């Protein structure tokens with residue numbers, strides 16, 4: 005890579021490795037969740053969808069504490085120094101993150117109690133408190149407790165013979181304050197009751213006893229009848245609590261003989277990692293809080309006192325139980341491009357031209373058809389596929405099994421270490437191996453994150469290759485809610501590169517010299533750097549537009565700073581974490597960062613470089629993060645067809661730069677400004693415009 009001379013205006017700017025030029029990654033992740041939470045408070049959003057966004061924030065925060073906060077506490081415990089380019093260090097970072105997390109969670113409960121619950125009640129959807137239960141409802145709830153709940157409960161009065169139970173990660177628990185002597189003349193002031201995971205947390209009251217959409221919390225049901233668990237004792241208090249634990253799996257891949265067996269052995273330990281957060285209901289007295297903090301070895305900053313139930317993610321069950329389509333986003337049917345409306349021979353179509361699909365606006369079915377036709381086509385002799393995340397009952401897995409049973413050569417690269425999908429992937433790998441699929445578990449210490457299917461078909465002139473590459477996982481349900489791009493192609497350079505990559509993954513030879521694909525950890529970082537450097541040489545005529553889920557790699561951020569200093573106009577559409585600070589004089593004057601948060605989860609990765617009128621564009625599975633660029637196997641695919649390139653530029657970049665409905669602009673301090681003008685009823689939503697476009701132009705199947 006050639007050196008690019010420093011621009012004139014760089015001389016007075018701070019050094020590009022100065023910590024003040026970088027925003028903290030974890031704080032940026034929390035800022036994303038603030039933007040999601042804003043949707044829960046947005047009256048333009050249908051009411052049940054607002055409730056869904058509220059629960060999504062809880063799910064995201066759970067994972068944040070299980071992984072990110074857990075890692076920070078580990079680093080603090082072992083005396084580690086600063087890790088990121090912001091140089092905060094674990095102690096200062098934990099303080100800042102805890103402060104921000106407390107703010108978000110407090111606002112989340114204000115949103116629930118002051119806006120969402122009253123709005124739901126006005127629509128006849130009620131979460132009834134115990135004091136609101138009528139006599140007939142109480143009788144039904146009492147019977148439900150006796151038949152469905154009580155047999156599953158195990159009250160544990162704490163004494164030397166009954167120590168504090170092992171509390172599972174994110175489980176619902178109750179601390180019960182007791183008064184009186186038990187049958188053996190002893191006094192145990194506190195007991196613990198764990199709510200079995202098999203029990204629903206939200207229970208619907210039969211319609212003939214209430215309104216059509218009246219619910220009660222499991223915690224309220226147990227609270228009302230907790231005396232039945234401790235006959236002869238007086239209940240002094242009933243307090244919910246929940247513990248979040250470190251959920252990272254620790255497997256040294258260099259030291260194990262069988263990664264699948266090692267992960268399978270480690271998974272049962274995940275629910276009992278070190279505690280990182282304690283959530284309690286706000287009615288919990290101080291002495292009980294201190295007792296729990298001491299038991300779980302947590303400090304005050306790890307305590308979250310909540311104005312409501314301790315697990316808001318369980319409220320999502322209401323969305324499925326309430327039959328109110330008027331309170332949801334209008335349904336849509338993903339369209340099909342005309343070329344896919346009659347998929348009798350997709351291979352013949354791909355020999356004519358590639359097919360580009362934009363999910364969820366366009367259906368994922370052509371990808372499934374591509375695989376199914378490969379299974380049924382007698383000319384297809386082999387299938388190779390990477391699998392990072394999918395569903396255990398996925399039609400993709402069924403197709404691979406059917407292909408193997410039909411005698412085709414099938415290779416599946418299964419990423420066992422896909423976080424929180426390890427158990428699913430182990431079961432999936434075992435199903436595939438049982439029928440003779442060659443299952444490979446990726447590359448040691450490098451997750452295989454690339455999304456590829458390669459079909460080997462014997463034709464008149466020899467074996468021809470057909471490929472699918474995507475920005476998203478092979479997960480048909482996610483394809484309905486994530487925005488992603490899929491490329492189906494018979495381009496010989498692309499498919500030959502794909503075959504070389506599969507050979508590399510399975511054979512572990514030296515990195516192949518690829519014809520056109522960029523591959524991490526070998527050529528992707530260098531390829532992106534060189535593309536940025538080319539724009540720097542073009543100066544004010546340069547143009548960079550990048551769309552990723554996260555931008556935190558310090559070297560690429562420095563390259564973008566240099567581009568800005570050279571006068572290159574840079575637009576970044578970054579859904580989540582962004583460590584780059586835009587708008588800093590002399591450093592990032594020409595850089596703008598925006599985030600789109602709307603109905604669909606933005607997931608496509610697109611890199612565009614103007615290249616002085618001869619644009620270059622890649623779609624990829626990789627974000628601009630160190631792990632994607634150096635510790636994963638990723639792929640970026642060049643889009644050279646002018647029509648496809650123009651389409652991607654318009655649909656995934658330009659429309660998003662014009663969005664003034666769901667867009668947030670990042671400030672230099674890391675905060676975001678919502679760009680929508682509340683007085684403008686005609687704002688432009690990129691997602692809505694794409695829905696309208698594909699409703700007009702697509703076939704349906």
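Numbering (the numbering used here), first residue to last: 5 to 705. Glycine residues also receive a C-beta, built at the ideal position from the N, C-alpha and C atoms. Since this is a predicted model, take the numbers as computed values, not measurements.
Apart from sequence neighbours up to five positions away, the residues of its chain that approach residue 184 with a beta-carbon distance below 6 angstroms are 237, 238, ordered along the chain.
DSSP links residue 415 through a beta bridge to 388, 442. Bounds of the alpha helix (DSSP H) holding residue 499 are 496–511. Closest by C-alpha distance to residue 487, out of 380, 652, 214, 319, is 652. Ranked by Cα distance from residue 624, the first of 509, 472, 198, 160 is 472. With fewer than 16 other Cβ atoms inside 10 Å of its own Cβ, residue 337 counts as exposed. Within the model, the alpha-carbon separation for residue 621 versus residue 204 is close to 48 angstroms.
Contact check between the region 83–91 and the region 22–40: three or more CB pairs, one atom from each, fall below 8 angstroms, which counts as touching. Check the Cα spacing between residue 16 and each of 591, 308, 182: the tightest is with 591.
For residue 242, the enclosing beta strand (DSSP E) begins and ends at 238–249. A distance of 8 angstroms or more separates the beta carbons of residue 313 and residue 172. The Cβ-Cβ distance between residue 206 and residue 135 does not fall below 8 angstroms. Excluding sequence positions up to five before and after residue 111, its CB lies less than 6 angstroms from no other CB in the same chain. With respect to the 8 angstroms criterion, residue 639 and residue 507 are not classified as neighbours on the basis of their beta carbons.
For the set 687, 333, 196, the Cα lying nearest the Cα of residue 50 is the one of 333. Residue pairing of residue 57 in beta bridges, as defined by DSSP: absent, with no partner found. Taking 8 angstroms as the upper bound for CB-CB distance, residue 602 and residue 689 are in contact here, some 6 angstroms apart. No residue range can be given for residue 153, since it is assigned to no alpha helix (DSSP H) and is classified by DSSP as neither H nor E. Within its own chain, the residues whose Cβ lies closer than 8 angstroms to the Cβ of residue 163, once the five positions on either side in sequence are excluded, are 190, 192, listed in chain order. With fewer than 16 other CB atoms across the displayed protein chains lying within 10 angstroms of its CB, residue 685 is exposed. Here residue 525 has 634 as same chain residues with Cβ atoms under 6 angstroms from its own Cβ, once five neighbours each way along the sequence are excluded. Of 542, 293, 576, the smallest CA-CA separation from residue 659 is found for 576.
Per DSSP, residue 280 is one residue of the beta strand (DSSP E) stretching across 279–285.
Contact between residue 367 and residue 340 holds: CB atoms are separated by about 5 angstroms, below the 8 angstroms threshold. Within a 10 Å sphere around the beta-carbon of residue 82 sit fewer than 16 other beta-carbons, which makes this residue exposed. Pairing residue 178 with residue 374, the inter-Cα distance amounts to about 51 angstroms.
Residue 92 sits away from residue 219, with the two beta carbons spaced by 8 angstroms or more. Residue 115 is bridged by DSSP to nothing; it lacks a bridge partner. Proximity of the region 393–403 to the region 498–513 falls short of the contact definition, fewer than three beta-carbon pairs being nearer than 8 angstroms. With fewer than 16 other CB atoms across the displayed protein chains lying within 10 angstroms of its CB, residue 409 is exposed.
For residue 217, the enclosing beta strand (DSSP E) starts and ends at 217–221.
Counting every other CB atom within 10 Å of its CB across the protein chains shown gives residue 673 a total below 16, marking it as exposed.
Looking only at 664, 411, 479, the smallest Cα-Cα distance to residue 425 is reached by 479.
The beta-carbon distance between residue 404 and residue 417, rounded to whole angstroms, is 12 angstroms. This is too long to meet the 8 angstroms contact definition. Its chain contains 664, 665, 680 as the residues whose beta carbon lies nearer than 6 angstroms to that of residue 687, once the 5 sequence neighbours on both sides are disregarded; these appear in chain order.
Between residue 572 and residue 540, the gap from beta carbon to beta carbon is short of 8 angstroms.
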